[in-house]
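Numbering (the numbering used here), first residue to last: 271 to 447.
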């Protein structure tokens, strides 16, 4: 029994070490003012994912709680136009760096929410995670000028993201790049 436990312990530690080595550190936006970040953000584009599959006109609403956590309400319309929403909570694991949040919509499971790039006037944001499996372009308005989208796409590509995988909600792209 002890041999089995030791073997499982070594295997577990090896897997943890491998997972840490395989994922390079993702750089994030600097000096995020969490109070300025609060409010409504409209989804301009995203990588398709299981929890938003088929949704359109998605948006996220963030509210800062007194304890420093963030209330999150994500919503979007299904194919029949019915509003679907999910409520969650996020926190910064490092209170000095609000660019890397942990968010949960189903406790005790948490995911990464990394503010990768942010317009200096908080008009748009590029959001991802610890891996490159997720990507969102969000904005304060439901549309962005083409030149802003082009700049965001350039920045995402420079970070190694495949922008051809993005699903756009509105003109000028609508997945017709």
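Ideal Cβ placement from N, Cα and C applies to all residues, glycine included.
Practice prompt. Write down the C-beta distance between residue 355 and residue 369 rounded to the nearest angstrom, noting that I regard them as a contact closer than 8 Å.
Written response: That pair is no contact at about 25 Å.
Item to complete: Could you say which of 300, 310, 295, 296 lies nearest to residue 393 if we only look at CA atoms?
Response: 310
Worksheet item: Using DSSP with H/G/I as helix, E/B as strand and the rest coil, what is residue 307?
Response: helix
Fill in: Anticipated Cβ contact below 8 Å, residue 375 with residue 358, distance rounded
4 Å
Worksheet entry | Same chain, Cβ closer than 8 Å to residue 380, five either side skipped, listed in chain order | 372, 373, 374
Fill in: Nearest residue (CA-CA) to residue 299, options 397, 401, 436, 421
397
Item to complete: Using alpha carbons as the reference points, say which of 388, 401, 424 lies closest to residue 409.
Response: 388
Worksheet entry | Nearest neighbour of residue 308, chosen from 295, 315, 330 [CA to CA] | 330
Fill in: Sub-9 Å separation of residue 316 and residue 406 beta-carbons
For residue 316 and residue 406, yes; Cβs fall inside 9 Å.
Worksheet entry | Residue environment, residue 313, which counts as buried when at least 16 other CB atoms sit within 10 Å | buried
Worksheet entry | When 391, 399, 304 are compared against residue 383, the one with the closest alpha-carbon | The shortest C-alpha separation from residue 383 is found at 399.
Worksheet item: Between the C-alpha atoms of residue 306 and residue 415, what's the straight-line distance to the nearest angstrom?
Response: One C-alpha to the other measures close to 22 Å.
Worksheet entry | Identity of the residue in 348, 340, 353 nearest residue 363 by Cα | 340
Worksheet item: Is the distance from the Cβ of residue 327 to the Cβ of residue 411 below 9 Å?
Response: no
Discussion item. Does any residue of chain D have a CB that is nearer than 9 Å to the CB of residue 432?
Written reply: In the displayed structure, chain D is absent; only one protein chain is listed.
Discussion item. Alpha carbons only, please: which of 420, 323, 303 is nearest the one belonging to residue 391?
Written reply: 303
Worksheet item: Under the three-state reduction of DSSP, which class applies to residue 425: helix, strand or coil?
Response: helix
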